[in-house]
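Enquirer: First, the structure itself, so that you have it in front of you.
2 protein chains.
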Amino acid sequence: MSPEAPEPGTVRPGGRTARVRTAVLRAAGDTLAERGFAHLDLADVAHRAGVGKTTVYRRWGTVTGLVADLLVDMAEQSLPRTETGSLLGDLKANARLVQRTLSDPRQGALFKAIIAAATCDPRTAEALHRFYDTRIREWAPCVQQAVDRGELPRGTDAHEVVRAVSAPLYYSLLAGGGPLDEAAADRAAQAAAAAARAGVYVR
Amino acid sequence: MSPEAPEPGTVRPGGRTARVRTAVLRAAGDTLAERGFAHLDLADVAHRAGVGKTTVYRRWGTVTGLVADLLVDMAEQSLPRTETGSLLGDLKANARLVQRTLSDPRQGALFKAIIAAATCDPRTAEALHRFYDTRIREWAPCVQQAVDRGELPRGTDAHEVVRAVSAPLYYSLLAGGGPLDEAAADRAAQAAAAAARAGVYVR
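From first to last, the protein sequence lines stand for chains A and B. Each residue of the first sequence is one higher than the last, beginning at 1 in full-length UniProt numbering. Each residue of the second sequence is one higher than the last, beginning at 1 in full-length UniProt numbering.
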C-alpha cells in the first residue's frame, strides 16, 4: 500500500465501484450473520461476492477494515428519524426500529457477531461506537424538540435519553430476558420517557 | 464417560475436590479475561491451575462445560442483596455492584469474553442466562417490598425492574457511551425507579 493510500475501511467508493462495494459488504454481512467474525476471511468474501480477491485486499486490507466499512454502510442505510409530534411517539418509533433490527434473524445475528468481535478488537469497537454515535445524533433532535415544547426539563442530555431507549433491547439480545417484541420496544420507550420527565438525564 | 456420569459443567464438587475446582475456575477466568474464549483450552487451564489434565477433562469435559461451571461459581460468589429501606437505595446498591463488577479490569474483560462466547455458543448462552436469573431472583424482593410499602404500583414486574437497572450499564460496556462510573450507576437506578413509579413495568 502506498503512503498516500487511505487507511483500509475508510474508503468510500462511489460511481462504478459502488456495485463492488455493495456485493462485498453484502457477502461480509451474510458471512458474519451465518458464521461469526472468527470465520470472516477476505478471500472467501471475495469469492462469495463474485469479486476479484486482489480488489478486496487492496480496498479493505483486513477483516477489521471490512467490518468498519460495513458499519459505515449500515449507518448510511439506516432509516431516518420519524417525527410524530410527541416525545413518546418519537421514542417508540426509535425503539421499534431498534427492536425490528435486532429481532430480524440476519440483522440480529449480524449485530451479535459485530458486538462479539468488538469485545476483543479495539478497531471494531471504535467502528461500532461510530455507528452508534451516528444513530444517536440522528435521533437526539426529538429529545431537544421535547425540551423546547416543555415536555422535558431544560438541560436534559438528549444522547443519554436515546441510549436509554436502546439499552434494554440490546440487553435482551445479549443477556436474555423477555422476548424482543413490540411490547418490549414500547416499554423501552416509555421507561426512557418517564425517566427523562423525572429529570434523571439532566446534566 | 460412563452413562451414569453427570453432564460436564453440572458437577458441583465439594470437600477435598473444592480446592481443585477453585484453582481451575480461577485459571479459566484469568485466561478468558486476558485472551478471550477462543484461546480457552482445557490442557492450558490444567497447566495454569497446576492440576492434572485428566482431572480437568474428566470433570469439565469441554470448554463450554468449564465456562458453565465458572458462571455457576460466579453466581454463588456474588454478593447478597443489600436492604436499605427504600426502593431507590436498594436499586442504587444493585447498580453500584453491577458497575463495580463491569468496570473492574479483570471482571469486565471476563464478562465481555463470556457474552461474546454466548453470541455463538447456545450452551454458554444458557449458562449466562442462568447466571442472570440467579442474580435477578436475588434482587427482585426489593421491588416487591417497594410494592408492599406503596412506593410502586401493584402488579409491577420485579424482574423487569431489576433488568432495567443492569441494561444501561451493560450497554455502556458493550456498545460504548459514557464512562462506567458511580454516576452512571446512580442514573441507571434512578431511571429504573422513575419508570417503575410511572407504572411502565406493571404486567
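Heads up, the beta-carbon is just placed ideally off N, CA and C, and yes, glycines get one too. Since the structure is predicted, the reported quantities are computational estimates derived from the model, not experimental observations.
Sort 57/A, 92/A, 104/A, 161/A by Cα distance to residue 196/A and report the nearest one.
Expert: For residue 196/A, the nearest C-alpha among the options comes from 161/A.
Enquirer: Given a cut-off of 9 Å, decide if residue 116/A and residue 177/A are closer than it, judged by their beta-carbon atoms.
Expert: No.
Enquirer: Give, in chain order, every residue of the segment 161-189 of chain B whose Cβ lies closer than 7 Å to some Cβ of chain A.
Expert: Cβ contacts with chain A: 163, 164, 166, 167, 168, 170, 171, 174, 175, 176, 177, 187.
Enquirer: Taking only three categories from DSSP, how would you classify residue 202/A?
Expert: In this structure, residue 202/A counts as strand in the three-state DSSP scheme.
Enquirer: Taking just the CA atoms, how far does residue 186/B sit from residue 180/B?
Expert: Whole-angstrom Cα-Cα distance: 11 Å.
Enquirer: Are the beta-carbon atoms of residue 67/A and residue 24/A separated by less than 9 Å?
Expert: The answer is no: Cβ separation not under 9 Å.
Enquirer: Would you decide whether residue 61/B is buried or exposed? Buried here means 16 or more other CB atoms lie within 10 Å of its CB.
Expert: Residue 61/B should be labelled buried.
Enquirer: Any C-beta of chain A sitting closer than 9 Å to the C-beta of residue 57/B?
Expert: No, residue 57/B does not count as interfacial toward chain A.
Enquirer: Quick one: any contact between the segment 123-134 of chain A and the segment 120-127 of chain B, if contact means 3 or more CB pairs under 8 Å?
Expert: No: fewer than three Cβ pairs fall under 8 Å.
Enquirer: In the DSSP assignment, find the alpha helix (DSSP H) that holds residue 159/B and state where it starts and stops.
Expert: Here the alpha helix (DSSP H) through residue 159/B covers 158-175.
Enquirer: DSSP state of residue 22/A, grouped into three classes?
Expert: Helix, per DSSP.
Enquirer: Tell whether a beta-carbon distance below 9 Å holds between residue 227/A and residue 194/B.
Expert: Shown here, chain A extends from 1 to 203; a query on residue 227/A therefore has no answer.
Enquirer: Residue range of the alpha helix (DSSP H) that residue 125/B falls in?
Expert: Run containing residue 125/B: 122-148, per the alpha helix (DSSP H) assignment.
Enquirer: Around the Cβ of residue 92/A, are there at least 16 other Cβ atoms within 10 angstroms (buried) or fewer (exposed)?
Expert: Buried.
Enquirer: Which word fits residue 90/B, buried or exposed, when buried means at least 16 other C-beta atoms lie within 10 angstroms of its C-beta?
Expert: Its Cβ being crowded by 16 or more others within 10 Å, residue 90/B is buried.
Enquirer: Does DSSP put residue 102/B in a helix, a strand or coil?
Expert: Correct three-state label for residue 102/B: helix.
Enquirer: Is the segment 141-148 of chain B touching the segment 70-78 of chain B in the sense that three or more CB pairs, one from each, lie closer than 8 Å?
Expert: Not touching, per the Cβ criterion.
Enquirer: With H, G and I counted as helix, E and B as strand and the rest as coil, what does DSSP make of residue 84/A?
Expert: Coil at residue 84/A, not helix or strand.
Enquirer: Along chain B, which residues have their Cβ under 8 Å away from the Cβ of residue 112/A?
Expert: Those are 119, 120, listed as they occur along chain B.
Enquirer: Assuming residue 51/B contacts residue 20/B under a Cβ cut-off of 8 Å, what Cβ separation, rounded to an integer in Å, is found between them?
Expert: With 8 Å as the limit, residue 51/B and residue 20/B qualify as a contact, their Cβ atoms being about 6 Å apart.
Enquirer: Residues of the segment 35-57 of chain B with a CB closer than 8 Å to any CB of chain A: list them in chain order, please.
Expert: For the segment 35-57 of chain B, which is checked against every Cβ of chain A, the residues closer than 8 Å are 36, 38.
Enquirer: Exposed or buried, what is residue 144/A when buried is set at 16 or more other beta-carbons lying within 10 Å of its beta-carbon?
Expert: Its Cβ having fewer than 16 others within 10 Å, residue 144/A is exposed.
Enquirer: Return no unless some Cβ of chain A is closer than 9 Å to the Cβ of residue 20/B.
Expert: No, its Cβ sits nowhere closer than 9 Å to a Cβ of chain A.
Enquirer: Just the Cα atoms here: how many angstroms apart are residue 86/B and residue 122/A?
Expert: If I take the Cα positions, the gap works out to 40 Å.
Enquirer: Are any of the Cβ atoms in chain A nearer than 9 Å to that of residue 223/B?
Expert: Chain B is shown only over 1 to 203; residue 223/B falls outside these bounds and no answer can be derived.
Enquirer: For a test of the three-state rule: what should DSSP assign to residue 76/A, helix, strand or coil?
Expert: Residue 76/A: helix per DSSP, three-state reduction.
Enquirer: Using a Cβ-Cβ cut-off of 6 Å (strictly less than) and excluding sequence neighbours within five positions of residue 98/B, which residues of its own chain qualify?
Expert: Within the same chain, residue 98/B has close Cβ partners 166, 169.
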